[in-house]
Every structure is written in structure tokens, then in C-alpha cells.
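In this note's numbering, the protein residues as written are 318 to 405.
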């Protein structure tokens, strides 16, 4: 089981979870739902990554993290963000 850092933000009524170690993203109606889906994606990815030699995996660059945290919208944007440790 590996440790991952996840950034959560609310967007259009959903929670979006971004894994900083590998750039994977998921969404759900609740924070726990978004994290649960992200854990499933990470676990599936780990299985493929272990069996394939040409799979690319890299941490999220600062520019992409900034884009994730800066949402452009005509409606007011939620300023709610959360960092969590996730084990998958």
C-alpha cells in the first residue's frame, strides 16, 4: 500500500480529487466518493504499471496544479480546498 497526496476542490456541485504523485483525477458527489474513485483508479493503474514497461508516470507540475486550483467561471468559485493523505 502506497501513500498519495490528494488535493480536493469543489466544482459545479461535485468534488474533484487530484493525485499529486501521478496526476490522476476523479470526481464524486462527496469528498469520500471522489477519493474512493481515485483509489480505484490508482490501484488499477498500479496493476498495469507493474506489468507494462512503457507506462509513463510523473508528479503533477506546478503549472498544472495552479490550473487545477484556479477555476475560471462566470459563477462565483468555491475557495474550498482540502489536502488529504490517501493509502491505495
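Glycine residues also receive a C-beta, built at the ideal position from the N, C-alpha and C atoms.
- DSSP, read as helix, strand or coil, puts residue 367 in helix.
- Judged by DSSP in its simplified three-state form, residue 334 adopts strand.
- Look at residue 340 here: in three-state DSSP terms it is coil, with no helix or strand label.
- Spanning the alpha carbons of residue 355 and residue 380 requires a straight line of approximately 21 Å.
- When secondary structure is reduced to three states using DSSP, residue 399 falls in the strand class.
- Sorting 330, 359, 326 and 349 by C-alpha distance to the C-alpha of residue 341 places 359 at the top.
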